[in-house]
Amino acid sequence: MGKGIQEIHRMTTAESVIKSLESFIISNSLKPGMSLPSEHELAGSLGVSRNILREGLQYFKTLGIIGTKPKTGGYIKSLTPLNPFGGYMPFMHNNNKVIREISQLRMIIELGIVPLLIKNISKENIERLQAIALQMAKAHRVSRRRLECEFHSYMLEIVNNELLSGFKPLLTEFFENNNMLREEDEENIPELMSNSHMAIVEALKSKDEEELRRITRAHYEAYMR
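Going by my numbering, the sequence shown opens with residue 1, and the numbers climb by one from there.
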């Protein structure tokens, strides 16, 4: 017997508004910074109340796609996800499995961007990364976390990929604010952390892709035990 007939999903009015707004944004090729029609105009065009329209608009506001300004009304804020995991991050910090998986994701992404890093890296980029790494040797625990976040965030910036930048809060800030990460030997950690990041800088200086990949894998081993 063949596959059964798929059940029809009846959309709510608010869901229909969301679909209509999606089509409106796409068909009019709206870009970030461009204004939307007023709520009165949109509600009239869609044949819905302003309350129902606001339900649909709230969906896009939550995603960071639509913003509002006093007096001028709605506008396109961003069409690229800026922090797709933002709402989930407060619930992810006390889970060792999640920490390992995010570490794996971070390693996979950093291994993947190696060719672009090598291609895009400039003398100024290297100098800034080196300065951050050197600061780690003298920093206390909270500052080290912040500096590591800054180091890896800056590497993602060098790649110049807007979509990838949306993952920065998950891939870097998550680790800055996590109290479950291991720091077994507090006395030696500052020097070890500084040295491991300086090794990344040296590999970038020499544009050695294989060495940079090797160091990156070693860098995340502690998180994935």
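We treat Cβ as the ideally placed atom computed from N, Cα and C, and that holds for glycine. Predicted, not measured: the structure shown is a model, and the values here were computed from it.
In this structure, S78 keeps its C-beta atom at 9 Å or more from the C-beta atom of L134. Counting only unbroken stretches of 3 or more residues, the beta strand (DSSP E) elements lying wholly within the region 65-104 are 66-69 and 73-76, in sequence order. As the crow flies, the alpha-carbon of H152 is around 7 Å from that of T172.
Here the region 112-120 lies against the region 199-216, with 3 or more beta-carbon pairs under 8 Å apart. I66 and I109 have their C-alpha atoms roughly 28 Å apart. Taking C-alpha positions only, E15 is separated from E41 by approximately 19 Å.
Looking at the DSSP output, S35 bridges to Y75. For L30, the three-state secondary structure derived from DSSP is coil. Residue environment: R10 is assigned as exposed (fewer than 16 neighbouring CB atoms within 10 Å of its CB, all protein chains considered). Counting the other CB atoms within 10 Å of its CB gives R217 a total below 16, which places it among the exposed residues. When F174, P90, P169 and N28 are compared, the shortest CA-CA separation from R100 is found for F174. One Cα belongs to V159, the other to G166, and the distance between them is close to 13 Å.
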